[in-house]
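Trainee:
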Amino acid sequence: MQFKFINVSLIIIVICINPLLAQLDNSGFEQKIEIDSTLDDPFSFNLRVLAFNKNNEYFNEIVKGYTLFGTRFIPSIGYQLHEQVNLQAGIFLQKDFGNNNLTYSIPYISILYNWNNSQLIFGNYNGSIHHKMLEPLEDFERLMVDPLENGLQYLYNTDKIFFDAWINWEKMIYQDSPFKEEVSGGVVGRYDFYQKHNNTLSFHYQFRGYHRAGQIDALRGQPLVTRFNNAFGFSYERKNKFDFFEGHKLEGYFLHYIDDSREFRLPFIQGYGYYLNGTIETKVGDFMLSYWKGDHFYSYKGGRIYQSYSTDPNSRFFEDQRELLILRVMNEFQIGESSTLLLRFEPYWDFGNKIFEFSHAVYFNIFKTLPITNK
């Protein structure tokens, strides 16, 4: 793949003027399952709510414009069985506005075992944005579209290391089921090999896989589908405690895609991409600039605008290369201890098609844990 000189020059100028590029910070959306050491009573009530309105003004052949508008609601009861074991059970509901029926109504069950710096979670675990995957590998919008992930997750977190490995059992099959079993999973790792004077240098590795197969279903003649992605890169981050500019970060990644299926259903079996992605943190909001260059790139449930293959299931359209420059303007308002209002505006320029498109969004995130006491 060859870069056009004018595009490379533009990116160099942007980096020099605005020395920050970094992975999208979605911490304001987090609703983690974790041990609550502050509770004196073993029983608790947990409330997780996400209200969202995201409008995508897209007019290209890879992804058409659409709007996501609705609310996710997860009430659950927690029981601290042991200082290291927490159980939660409830229900996951989603109501998309303009639809009189519930989009999802699914039991919510989680078992968490916590020891040292590790966590093992069965059932519903800390999925979606909690994985901290790159946007080309994990579409942020899955937080508003897909059912909750369930399966098995292992987490390890220290001052220098973040490690997340999971298996998401998406579709279960039984004897003579009229469909195939579907499983996905991944690994995200970060190692901070230098930390000094508010400066951090880190190495990153990410892996994602998808597998559709089965031996006991009724579709035994269909070939299996197996696809993988890998990404690795480095980042530099600096935090400023008292200045108007609160921090900045620079990251660079190389991403790879390979299709190891027995029958190839996409028009290409491997590809790659380069990703520079970042944020300047200020007291009035965060400003993020991202550059993407993909060549025959694909990721299962990755960000739609980054794919080389159309996300429309009725289309066979694909582009050999996708080259984008994305600006993200983000603001976050903490309302009390349990609520967060998030605003985002994300315009981007498509170099290949010479078009300007954008999305804008409003989110309201609520996460509250209350003790249930007999007093």
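So for the sequence shown, this note's numbering puts the first residue at 4; every next one is plus one.
For glycine and all other residues, C-beta sits at the position ideal for the given N, C-alpha and C.
1) Assuming contact is defined by CB atoms lying nearer than 8 angstroms, are Glu-141 and Lys-357 in contact in what I supplied?
2) The beta strand (DSSP E) that contains Val-190, what's its start and end?
3) Within 10 angstroms of its Cβ, does Val-287 collect 16 or more other Cβ (buried), or is it exposed?
4) Looking at C-alpha atoms only, which residue of Asp-44, Ile-36, Phe-55 is the closest neighbour of Thr-376?
5) List the whole-angstrom C-beta distance separating Val-190 from Phe-210, where the pair is believed to meet the contact cut-off of C-beta under 8 angstroms.
6) Would you say the segment 310-321 touches the segment 334-353, given that touching needs at least three Cβ pairs under 8 angstroms?
7) Exposed or buried, what is Phe-8 when buried is set at 16 or more other beta-carbons lying within 10 Å of its beta-carbon?
8) Give the DSSP bridge partners of Ala-168, in chain order.
9) Would you list the residues sitting across from Gly-276 in a DSSP beta bridge?
10) Is it right to say Met-291 is buried, meaning 16 or more other beta carbons lie within 10 angstroms of its own, or is it exposed?
11) Check whether the segment 43-61 touches the segment 363-376, taking contact to mean three or more Cβ pairs, one atom from each stretch, closer than 8 angstroms.
12) Determine the burial state of Ser-205: buried for a count of at least 16 other Cβ atoms within 10 Å of its Cβ, exposed for fewer.
13) What residue range does the alpha helix (DSSP H) around Arg-145 cover?
14) Under the three-state reduction of DSSP, which class applies to Tyr-116: helix, strand or coil?
15) Is the CB-CB distance between Tyr-260 and Tyr-275 below 8 angstroms?
16) If we count the other Cβ atoms within 10 Å of its Cβ and call it buried at 16 or more, is Glu-37 buried or exposed?
17) Quick one, which of Ile-283, Ile-272, Arg-268, Phe-237 has its alpha-carbon nearest Leu-137's?
18) Give the straight-line distance between the Cα atoms of Thr-203 and Arg-241, rounded to the nearest whole angstrom.
19) Going by the beta-carbon positions, is the gap between Thr-229 and Ser-264 smaller than 8 angstroms?
20) With a 10 Å radius around its C-beta and 16 neighbouring C-beta atoms as the bar for buried, classify His-207 as buried or exposed.
21) Would a C-beta distance cut-off of 8 angstroms place Gly-192 and Ile-170 closer than the cut-off?
22) With DSSP collapsed to three states, give me the class of Ile-308.
23) Rank Ser-180, Lys-163, Asn-243, Gln-91 by C-alpha distance to the C-alpha of Thr-285 and give the top, closest one.
24) Please state whether the Cβ-Cβ distance between Asn-129 and Tyr-111 is less than 8 angstroms.
25) Along the beta strand (DSSP E) that carries Lys-57, what are the first and last residues, could you check?
26) What residues in its chain sit with their C-beta under 6 angstroms from that of Phe-72, if we drop five residues either side in the sequence?
27) Does the separation of the CB atoms of Phe-370 and Ala-54 fall below 8 angstroms?
28) Under the rule that 16 or more other beta-carbon atoms within 10 Å means buried, what is Lys-35, buried or exposed?
29) Skipping 5 residues on each side, what residues in its chain have a beta carbon closer than 7 angstroms to that of Leu-344?
30) Under the three-state reduction of DSSP, which class applies to Thr-372: helix, strand or coil?
Mentor: This is what the structure gives:
1) No, they are not a contact pair.
2) 184-199
3) exposed
4) Asp-44
5) 4 angstroms
6) Verdict: no, contact absent.
7) Low confidence applies here, because Phe-8 scores a pLDDT of 33, under 50, leaving its location unreliable; read the following figure in that light. The residue in question, Phe-8, is exposed, as its Cβ has fewer than 16 Cβ neighbours within 10 Å.
8) Tyr-157, Val-190
9) Leu-258, Gly-297
10) buried
11) yes
12) buried
13) 145-148
14) If DSSP states are grouped into helix, strand and coil, Tyr-116 belongs with the strands.
15) yes
16) exposed
17) Phe-237
18) 6 angstroms
19) Against a cut-off of 8 angstroms, the Cβ pair of Ser-264 and Thr-229 comes out as a contact.
20) buried
21) no
22) Here Ile-308 sits in helix by DSSP.
23) Of the candidates Ser-180, Lys-163, Asn-243, Gln-91, the residue whose Cα lies closest to the Cα of Thr-285 is Asn-243.
24) no
25) 46-62
26) Asn-56, Phe-100
27) No, Cβ-Cβ distance for Phe-370 and Ala-54 is not below 8 angstroms.
28) exposed
29) Cβ contact annotation for Leu-344 (same chain, cutoff 7 angstroms, sequence separation greater than five): Phe-336, Ile-338, Phe-367, in chain order.
30) strand
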